[in-house]
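These notes are about the structure you will find just below.
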Amino acid sequence: MLVFPRGGQGDVAPIRVLQGPDTMLRAMLLWWWIQCTICSSSVEPRERGEPRVLIFNRTDSGNVKPRAVIGGPKSRINAFGGPFAVYPPKGEILVSVRGSGPYAELASDEAFVGVWSINDNGDVPPKWVIGGPHGILQMPRGIALDVKNKNMLVSDKRLNAVLTFHFPEIF
């Protein structure tokens with residue numbers, strides 16, 4: 000994982016690199032920078048481990064272990080749908096979860112956006128869930144926060160839509 004300066008433009012060298020076996024980073028990575036933490040979702044084949052959210056300290060570099068790992072049956076994290084968002088003032092991580100099943104690559108009525116704290120660790124259920132099971136989301140791919148209006152916007156690839164959820168609890 001490469002961490003670039005916030006204001007960097009063009010051909011800029013990374014300011015930190017996370018790599019090595021202790022990081023638990025694998026095949027496909029999604030990450031987001033927040034004030035005190037780097038989060039990563041590690042999507043791995045089932046035989047190599049379960050998908051999970053890895054949380055690193057903002058200044059970590061090299062072959063370091065994550066300070067927290069969220070994953071397991073209670074977390075309901077079974078496959079990631081896309082990037083996640085963070086709300087630093089409350090330390091919330093919003094993760095789009097694709098759902099499971101034989102056609103999950105196309106759509107799943109189990110897809111949802113879950114909310115965890117950057118202080119969560121282990122097999123922790125989400126504090127809030129928007130979507131499945133049998134919710135409107137089928138293939139969430141992007142999350143944005145409208146802080147002023149206390150809304151969460153979720154793009155859904157399968158629905159070909161951007162949905163707005165009034166979500167004052169997170170703000």
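Each step along the sequence shown adds one to the number in numbering that gives the first Met the number 0, with nothing skipped, and position 162 is 161.
Cβ atoms here follow ideal geometry from the backbone N, Cα and C, with glycine treated the same way.
Taking the alpha-carbon positions, what's the S60 to L53 distance?
-> Straight-line Cα distance between these residues: approximately 14 angstroms.
Taking the alpha carbon of S158 as the point to measure from, which residue in V11, S107 and R15 has its own alpha carbon closest?
-> Per the sequence shown, the amino acid found at residue 158 is Leu instead of Ser. Here the closest residue by C-alpha is S107.
Under the three-state reduction of DSSP, which class applies to E91: helix, strand or coil?
-> In the structure shown, E91 sits in a strand (DSSP, three-state: E or B).
Using alpha carbons as the reference points, say which of D155, V153 and K147 lies closest to P167.
-> The residue with the shortest Cα to Cα distance from P167 is K147.
How should I92 be labelled, buried or exposed, when 16 other C-beta atoms within 10 angstroms of its C-beta is the threshold for buried?
-> Counting the other Cβ atoms within 10 Å of the Cβ of I92 gives 16 or more, which makes it buried.
What distance in whole Å lies between the Cβ atoms of V96 and F111, which are believed to be in contact at a cut-off of 8 angstroms?
-> Confirmed, about 5 angstroms.
Helix, strand or coil for R157, going by three-state DSSP, please let me know.
-> R157: coil per DSSP, three-state reduction.
Mind checking V11: buried by the 16 CB within 10 Å criterion, or exposed?
-> V11 is classed as exposed because its beta carbon has fewer than 16 other beta carbons within 10 Å across all chains shown.
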